[in-house]
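What follows is a single structure, written as structure tokens, with notes after it.
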Amino acid sequence: MHLTPLSGDVLVSRWTIAIRAAGAAPVAPHPVSLGPVSHSQRRACQLVSIRADARNGVDVDRSTVVSQSERRAAILEFLRARESASVAELGAQLSVTEMTIRRDLEALEGEGVLKRFHGGAKITAGSSYEPPLAVRQAQNADQKRAIANEVANSLDDGSTVVIDGGSTGIAVAEALVTRRLTVCPLSLRVAWVFARSTSVQLLLPPGAVRSGELSISGADTVAHLMGLHFDRFVMTASAFSAADGFTEWNVEDAAVKRAAMRNAAVTLAAVDSSKYGRTAFAQICAADGPDVVVVDDGLAPDAVSSLRSAARRIALAS
Numbered sequence: 038m039h040l041t042p043l044s045g046d047v048l049v050s051r052w053t054i055a056i057r058a059a060g061a062a063p064v065a066p067h068p069v070s071l072g073p074v075s076h077s078q079r080r081a082c083q084l085v086s087i088r089a090d091a092r093n094g095v096d097v098d099r100s101t102v103v104s105q106s107e108r109r110a111a112i113l114e115f116l117r118a119r120e121s122a123s124v125a126e127l128g129a130q131l132s133v134t135e136m137t138i139r140r141d142l143e144a145l146e147g148e149g150v151l152k153r154f155h156g157g158a159k160i161t162a163g164s165s166y167e168p169p170l171a172v173r174q175a176q177n178a179d180q181k182r183a184i185a186n187e188v189a190n191s192l193d194d195g196s197t198v199v200i201d202g203g204s205t206g207i208a209v210a211e212a213l214v215t216r217r218l219t220v221c222p223l224s225l226r227v228a229w230v231f232a233r234s235t236s237v238q239l240l241l242p243p244g245a246v247r248s249g250e251l252s253i254s255g256a257d258t259v260a261h262l263m264g265l266h267f268d269r270f271v272m273t274a275s276a277f278s279a280a281d282g283f284t285e286w287n288v289e290d291a292a293v294k295r296a297a298m299r300n301a302a303v304t305l306a307a308v309d310s311s312k313y314g315r316t317a318f319a320q321i322c323a324a325d326g327p328d329v330v331v332v333d334d335g336l337a338p339d340a341v342s343s344l345r346s347a348a349r350r351i352a353l354a355s
């Protein structure tokens, strides 16, 4: 398979063409955090507290949470902890009007993650449901940055690296944007993070671009990966556990991940602790498939113990 190193300008052009071909509208580039803590990063920190409060039944002032994606992420987290909630309860928790909550619940029901009933909603998402990327990026943002930094510290300059998609893959890309690497991104969103980098050589794989998520998958992607050998594969997953290993919402994405694992000298699984104990639709590999599982230190002690017994090695990011 012929490889074409892409400059930032060429990548932007091809990315736009690929997105239009897939029937999706181009989206704004994801911000690369290289300086002081941003406004969006501060909001992500606030959400960590909100999710903890939802689980522990603590009521605090939510007036600072105004982003639609952040608010919907908080609603989902609250419903996961309680299974169901009333519109009034959610409005009080997030300090927004009941009309706003009803609009959010209607949108989330359209995504298939919850079911509305008179005056409230309950969680219903199954193992094949994939929450929107914007919602996932607002969830556990601090933990994902800690994981990304841990991964970045483990990579040597000059390495060839496959970087998976999803919200954690984007966080990893942001942590690596100034490094001297050859990167094969499995998502156009990850590729876009590197588009402005002058030190990263991008090798964009062929394949079909999945609308919304913008992951790259299909038979051409698998064949491309099988013809190359990489130093590292930074793998993400929708869910993981000691018993069921690493799983993914999308079957084709899971097949691409398995191909990357086979042709990487070392696979690093980058997963945040909120995904532990869950199982998604498509199997990627067993718990001992990756060489290292990089997870944040929010994992409960008993979960750490179970994972240590099943995985090859665990690195706790803080």
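If you're matching positions, the sequence shown starts at 38 in the working numbering and goes up one per residue.
Built from N, CA and C at the ideal position, the CB exists for glycine as well.
Taking 8 Å as the cut-off, the Cβ atoms of VAL214 and LEU305 do not count as close.
Between the stretch 234-249 and the stretch 273-284, the count of Cβ pairs shorter than 8 Å is below three; the stretches do not touch. Remark: C-beta atoms of GLY156 and VAL133 do not approach each other more closely than 8 Å. In this structure, SER248 lies away from LEU218, with their beta-carbon atoms at least 8 Å apart. The criterion of a C-beta distance shorter than 8 Å is not satisfied by ASP201 and ARG216.
Secondary structure of GLU114 (DSSP, three-state): helix.
Secondary structure of PRO222 (DSSP, three-state): strand. Cβ contact annotation for ARG117 (same chain, cutoff 7 Å, sequence separation greater than five): ILE160, in chain order.
LYS312 is the residue among GLN320, LYS312, VAL329 whose C-alpha sits nearest the C-alpha of GLY335. Here ALA296 is actually not in contact with LEU251; their C-beta atoms are around 19 Å apart, not less than 8 Å. Around the Cβ of GLY282, a 10 Å sphere holds 16 or more other Cβ atoms; the residue is buried. Just measuring C-alpha positions, the residue of ARG140, VAL308, LEU225 sitting nearest ILE253 is LEU225.
Rounded to the nearest angstrom, the gap between the Cα atoms of VAL303 and PHE267 is 8 Å. For ILE112 and LEU265, the gap between their C-alpha atoms comes out near 43 Å.
Residue range 237-240 is occupied by the beta strand (DSSP E) that includes LEU239, with no alpha helix (DSSP H) assigned at that position. Under the DSSP assignment, ASP141 falls in the alpha helix (DSSP H) whose first and last residues are 135-147. Here the alpha carbons of THR258 and PRO243 stand approximately 5 Å from one another.
Note on geometry: alpha-carbon atoms of VAL308 and ALA212 lie some 15 Å from one another.
Looking at ASP179, VAL209, GLU114, the one whose alpha-carbon comes closest to that of LEU192 is VAL209.
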